[in-house]
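Report on the structure given below.
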Amino acid sequence: MTAKNTICLWFDGAALEAANFYAATFPDSSVGAVHFAPGDYPSGKQGDVLTVEFTVMGIPCLGLNGGSTFRHNEAFSFQIATDDQSETDRLWHVIVSNGGQESACGWCKDKWGVSWQITPRALIAAISDPDPAAAKRAFEAMMQMRKIDIAKIEAARRG
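Heads up: the sequence shown is residues 239 to 397, going by the working numbering.
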């Protein structure tokens, strides 16, 4: 591991499976070194996968198979900026259809409980519009959505 700062994600035995899914799903993502436990530990045995080094869209991560003590929640999420509806739809659907679940305002969770914000750049532009009324309309439209619909956001922005 060469990065000075790495995101560590705790898994209950599925770090390698999750890392492989992320590498297959997101561009500029890959799985690096897999480290095996040199001895028994509270949630595993010697020889089990202990940690997995991986990258998600250029961000270095470490998956730790720490057991069932801790669960992921929305206090941490990956925010993925998408360029168009096709990319938004593809990422949303691959996460949700692989055992994940939908949430609100562009958020979803993967099957391991990691939260993802699939956020079109058009949404950020709309809710940052210098016209407060346009920004409010776009924001209110977003608040009604699960997966973001760029056409509806842009229509709301225009009024």
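Here a beta-carbon is modelled for each residue, glycine too, at the ideal position from N, C-alpha and C.
Among the options, nearest to residue i - alpha-carbon criterion
| i | options | result |
| --- | --- | --- |
| F308 | D369, A360, G351 | G351 |
| H278 | F264, L288, A271, V272 | In the sequence as displayed, the identity of residue 278 is Asp instead of His. The residue with the shortest Cα to Cα distance from D278 is L288. |
| T244 | R375, F292, A313 | F292 |
| A371 | A394, K390, N336 | A394 |
Whole-angstrom distance between residue j and residue i, CA atom to CA atom
| i | j | result |
| --- | --- | --- |
| A360 | L329 | 16 Å |
| C343 | F377 | 9 Å |
| Q323 | E392 | 12 Å |
| N311 | S353 | 7 Å |
| D369 | R396 | 10 Å |
| I388 | M381 | 13 Å |
| R375 | R384 | 16 Å |
| S267 | D348 | 16 Å |
| V269 | A313 | 25 Å |
| A379 | N336 | 27 Å |
Neighbourhood of residue i by C-beta, 7 Å cutoff - its chain only, sequence neighbours within 5 removed
| i | result |
| --- | --- |
| A241 | P298 |
| C346 | W330, I333, V334, G338, Q339, E340, W354, I356 |
| A252 | W350 |
| A256 | F249, G301, W350 |
| V272 | L254, V287, V290 |
Exposed unless 16 or more other CB atoms sit within 10 angstroms - verdict on residue i
| i | result |
| --- | --- |
| P358 | buried |
| C246 | exposed |
| F274 | exposed |
| K283 | exposed |
| I386 | buried |
| F259 | buried |
| A262 | exposed |
6 Å CB neighbourhood of residue i in its chain, flanking five on each side removed
| i | result |
| --- | --- |
| S306 | D250 |
| A373 | I365, D367 |
| F316 | W354 |
Cβ shell of residue i (< 8 Å), same chain only, five flanking positions each side left out
| i | result |
| --- | --- |
| I318 | F264, M295, L329, W354, Q355, I356, T357 |
| T320 | T326, L329, I356, T357, P358, R359 |
| G304 | W248, F249, D250, S281 |
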